[in-house]
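Heads up: the structure comes next, in structure tokens.
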Amino acid sequence: MSHEHFKECIEECLRCMQECNHCYDACLKEEHSGMMGECIRLDRECADICAYAAQAMSRNSPFAKQICSICTTICEACGNECKKHQHDHCQRCAENCFACAEACRKMAG
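Heads up: the sequence shown begins at 15 in our numbering, then just goes up one per residue.
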């Protein structure tokens with residue numbers, strides 16, 4: 015399978031990584047950032063797995079489907095946490111996490 019087959023999923027993963035990094039940074043700057051601990055932690059986890067999944071797919075890793083499956087789980091967890099917070103950056107992050115989870119679910123299928 016060529017990396018072109020993974021194009022849509024790679025793009026979703028990279029978008030999600032960027033939004034998670036933005037959310038992570040913005041959460042650290044919130045007045046009550048201590049209450050954002052789980053969101054911050056999951057933003058990091060999600061950004062890292064999304065970057066790794068994009069790399070794995072772009073090099074046609076034989077483990078791409080398994081990595082996408084794990085990415086689905088982490089994106090959903092991050093999205094569920096982010097949607098609990100009313101900050102715009104958290105809501106955008108949740109939206110991107112759910113879109114990425116769906117793309118990875120299809121890829122892992």
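Even for Gly, the Cβ is constructed at its ideal location relative to N, Cα and C.
### Task
Determine, using beta carbons only, whether residue 89 and residue 115 come nearer to each other than 7 Å.
Locating residue 89 in the sequence shown gives position 75, counting from the first residue. Locating residue 115 in the sequence shown gives position 101, counting from the first residue. It is a contact, given that the beta carbons lie within the stated cut-off.
### Message
Measuring only the C-alpha atoms, how far is residue 106 from residue 40?
### Response
Residue numbering aside, residue 106 sits at position 92 when the sequence shown is read from its first letter. Residue numbering aside, residue 40 sits at position 26 when the sequence shown is read from its first letter. One C-alpha to the other measures close to 12 Å.
### Task
Return the residue from the list 22, 64, 43 that minimises the CA-CA distance to residue 33.
For the purposes of this step, residue 33 is identified with residue 19 of the sequence shown, where counting begins at 1. When only C-alpha atoms are compared, the closest one is 64.
### Query
Considering residue 21, what are the terminal residues of the alpha helix (DSSP H) in which it resides?
Along the sequence shown, read from residue 1 onward, the residue named residue 21 stands at position 7. Its alpha helix (DSSP H) spans residues 21-43.
### Query
Could you give the uninterrupted runs of the alpha helix (DSSP H) lying entirely in the region 72-115, keeping only those of 4 residues or more?
78-96
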